[in-house]
Amino acid sequence: MSGRSFEAKSLTKRFGGLTALDDVSVHVNEAEIVGLIGPNGSGKTTLFNCATGYLKPDKGKIFLKRIDITGKSPHRIIQEGVSRTFQITRVFPQLTVMENMLISISHKDESKIRAVYKRNHGHEIAKALELLEFVGISELSSEPGGELSYGQQKLLELASALMQDPSVVLLDEPTAGVNPTLINKIIDRIVDANRKFGVTFFVIEHNMDVIMSISMRMYALAAGRIIAEGDPEKVRGNPDVLESYLGGD
Amino acid sequence: MQEGRDLFNKATKRSWLFLILVFLLILPHFLENEPYLLHVFIMTFVYISLAQAWNLIGGYAGQLSFANNAFFAIGAYTSTMLLIHIGLTPWLGLFAGITIAAFIAYLLGVHLFHLKGHYFAVATIAFAEILKLVFLNWRSVGAAYGLSLPLKMPSLYFIMWRSKIPYYYLFLLVAIVSTVLICILDQSKAGMYLRSIKQDEEGSEHKGIDTKYYKLIAFMINAGICALIGTFYAQYVLYIDPRSTMDIMISTKCILVVLFGGLGTVAGPVLGAAILVPLGEYTRIKLGGGGQGWDYIVYGFIILAILMYQPSGVYVILRSFKTNVWKILRG
Chain A
1 MSGRSFEAKS LTKRFGGLTA LDDVSVHVNE AEIVGLIGPN GSGKTTLFNC ATGYLKPDKG
61 KIFLKRIDIT GKSPHRIIQE GVSRTFQITR VFPQLTVMEN MLISISHKDE SKIRAVYKRN
121 HGHEIAKALE LLEFVGISEL SSEPGGELSY GQQKLLELAS ALMQDPSVVL LDEPTAGVNP
181 TLINKIIDRI VDANRKFGVT FFVIEHNMDV IMSISMRMYA LAAGRIIAEG DPEKVRGNPD
241 VLESYLGGD
Chain B
250 MQEGRDLFNK ATKRSWLFLI LVFLLILPHF LENEPYLLHV FIMTFVYISL AQAWNLIGGY
310 AGQLSFANNA FFAIGAYTST MLLIHIGLTP WLGLFAGITI AAFIAYLLGV HLFHLKGHYF
370 AVATIAFAEI LKLVFLNWRS VGAAYGLSLP LKMPSLYFIM WRSKIPYYYL FLLVAIVSTV
430 LICILDQSKA GMYLRSIKQD EEGSEHKGID TKYYKLIAFM INAGICALIG TFYAQYVLYI
490 DPRSTMDIMI STKCILVVLF GGLGTVAGPV LGAAILVPLG EYTRIKLGGG GQGWDYIVYG
550 FIILAILMYQ PSGVYVILRS FKTNVWKILR G
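Protein chains in written order, with the working numbering: chain A, 1 to 249; chain B, 250 to 580.
In structure tokens form, the structure reads like this:
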């Protein structure tokens with residue numbers, strides 16, 4: 001059993017009277033792909049937002065490689081090694097594809113004074129090109145991000161999330177709004193990145209076929225609680241999960 | 250082929266810049282008896298620098314600041330007070346001015362950067378106006394009467410000369426230095442981060458960029474450049490008062506110049522100032538008479554035309570013009 005990359009311990013987040021996350025504990029081991037499913041409004045994205053410091057949890061702790069990162073600001077948490085993509089792509093439209101990659105380098109050991117007059121190192125550019133090749137959009141590197149199709153933007157986000165050699169990558173619906181051919185390509189790249197480079201993924205996904213085919217373990221969230229976890233097949237077959245998806249009482 | 254063309258373009262660009270520079274260097278010798286024309290050139294250089302400073306915070310970082318006039322005045326007042334009271338050379342006074350302006354920018358930034366868009370603009374206007382009110386009533390800095398600089402022997406040491414020509418070179422140098430500074434920043438990682446912050450601040454934060462830090466740096470450099478020009482400006486006009494140095498039109502004009510020339514480009518402020526400042530002076534002479542304001546009306550119409558025709562500014566118009574000419578020449 002390898003070490004834990006990411007762990008949330010009894011996380012609770014309330015919005016006024018609504019409890020979006022209720023004592024949620026999840027963990028992702030190194031080089032694992034873990035799925036997170038649940039109906040709309042069950043708190044999946046809230047969990048990601050707490051994990052990246054965008055929201056402050058009311059209770060509970062978040063660890064990255066066993067280091068407590070609870071309450072740090074988003075840029076600090078990202079610098080510690082959490083990469084994230086968004087449900088709706090968040091490519092910088094007026095930066096070129098290459099620039100989109102270069103702003104995603106690891107900022108942890110970067111000299112902020114030197115950044116004012118220095119350009120990017122050659123090896124950073126080489127790495128960006130390599131990753132763009134990996135997702136198959138290297139020929140677009142000098143295009144503005146806004147010129148890319150939605151699917152290409154998804155690939156760019158995936159590539160840029162890998163730029164900083166993250167401890168864990170949080171993918172929020174990586175295949176939402178993408179045509180079937182491209183869905184296969186994105187799945188391919190995620191699995192490839194995991195197998196070849198040992199990248200750890202924590203993936204929210206609505207598409208059951210997608211999440212079943214890539215995850216090694218799975219969590220199911222409903223109304224802010226973890227209702228099932230473990231082997232994907234078992235989670236899918238769990239009566240509580242079926243009920244929350246198909247609508248029970 | 251493509252490479253050859255790029256090289257050619259770069260080479261022609263360099264030779265053009267070189268020609269313009271030589272022209273600007275020898276020009277004053279033909280204008281010795283034309284102090285007014287020299288003044289127009291000097292004011293153009295002043296606005297190139299001020300607009301470059303604003304370009305950094307407004308054009309790159311996307312923060313609509315109206316505090317340029319405040320920083321400009323802080324520079325002018327600091328060095329002037331030091332010169333009056335302890336006879337300190339403005340060369341040292343300007344460092345005091347830059348330090349104070351940058352420090353105030355830091356304090357302002359820390360407290361105001363959580364305000365977005367127009368709210369930030371309004372807050373900076375409020376700051377500049379409050380500062381103006383304070384100076385208008387503050388006896389020891391001359392209140393509304395302002396300060397006259399003590400006349401010293403004309404020398405580089407006191408930055409005082411009888412002729413306008415040395416001032417011309419001084420402000421030309423400042424304009425070049427501030428443009429080169431922005432050029433370096435434009436190419437740097439920080440320049441890229443600022444552009445990303447302008448497009449999506451939250452997204453940049455999620456890339457691990459310390460957005461507050463880079464906005465603060467941009468604001469402080471902006472303030473420092475303004476203060477530097479403030480000092481030189483005071484040495485040039487030899488009289489400063491709150492109404493002339495803290496006029497909000499200074500900030501507005503900086504913004505107009507950048508918008509007109511091209512937001513977030515290095516060439517934009519240069520082009521904008523080179524066109525708008527002489528035009529403003531010209532319209533003021535031709536249409537003035539009845540008081541101030543005509544130049545601003547003309548400005549208004551030009552800005553409207555630019556916004557309707559090409560919101561990206563004159564720089565983009567010229568660039569596309571160049572490409573078209575190139576196409577025609579190649580058949």
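Ideal placement from N, C-alpha and C gives every residue a C-beta, glycine not left out.
Since we're looking at a predicted model, the values are computed, not measured.
Between B/Thr480 and A/Gly53, the alpha-carbon positions lie close to 44 Å from each other. When rounded, the separation of the alpha-carbon atoms in B/Thr428 and B/Val519 is 8 Å. Scanning B/Ile446, B/Leu274, B/Asp490, B/Gly366 for the CA closest to the CA of B/Leu380 turns up B/Asp490. A/Glu7 carries a strand assignment under DSSP once its states are collapsed to helix, strand and coil. Interface annotation for the region 444-478 of chain B against chain A: Arg444, Ser445, Lys447, Gln448, Asp449, Glu451, Gly452, Ser453, Glu454, His455, Lys456, Gly457, Ile458, Asp459, Thr460, Lys461, Tyr462, Tyr463, Ile466, Ile470, criterion Cβ-Cβ distance under 9 Å. By the rule that beta-carbons nearer than 7 Å mark a contact, B/Ile433 touches chain A. Boundaries around A/Leu64 are those of the beta strand (DSSP E), 59-64, since no alpha helix (DSSP H) includes it.
Less than 7 Å separates the beta-carbon of B/Ala377 from that of B/Ala316. When the Cα atoms are used, B/Tyr326 and B/Leu341 turn out to be separated by approximately 13 Å. Taken in chain order, the complete alpha helix (DSSP H) segments of 4 residues or longer contained in the region 309-354 of chain B are 317-335. Taking 7 Å as the cut-off, the Cβ atoms of B/Ala472 and B/Ala351 count as close. Here the C-alpha atom of B/Ile534 lies approximately 10 Å from the C-alpha atom of B/Leu528. Using a Cβ distance threshold of 7 Å, B/Ala375 and B/Met469 do not count as a contacting pair.
Here A/Phe15 is exposed, its C-beta having fewer than 16 other C-beta atoms within 10 Å. A/Asp23 carries a strand assignment under DSSP once its states are collapsed to helix, strand and coil. Segment contact: the region 234-246 of chain A against the region 210-221 of chain A, three or more CB-CB distances shorter than 8 Å; contact assigned. Taken through DSSP and simplified to helix, strand or coil, B/Phe570 comes out as helix. By DSSP's assignment, B/Asn304 forms no beta bridge with any residue. Membership of A/Asp172 in the beta strand (DSSP E) is indicated by the continuous run 168-172. The three-state reading of DSSP puts B/Leu361 in helix, counting H, G and I together. In the three-state reduction of the DSSP assignment, A/Thr96 falls in the strand class. Residue burial annotation: B/Lys456 is buried, with at least 16 other C-beta atoms found within 10 angstroms of its C-beta.
Interface criterion met: the Cβ of A/Tyr117 is under 7 Å from a Cβ in chain B.
Taken in chain order, the whole beta strand (DSSP E) runs of length 3 or more contained in the region 134-159 of chain A number zero.
Chain-order list of chain B residues neighbouring A/Thr45: empty, with the shortest C-beta distance near 13 Å, by a criterion of under 7 Å. With contacts defined by Cβ atoms closer than 7 Å, A/Ile137 and A/Leu155 form a contacting pair. At a C-beta separation below 7 Å, A/Arg90 has these neighbours in chain B: Asp449, Gly452.
Close to B/Gln436, with beta-carbon spacing below 8 Å, are these residues of chain A in chain order: Arg119.
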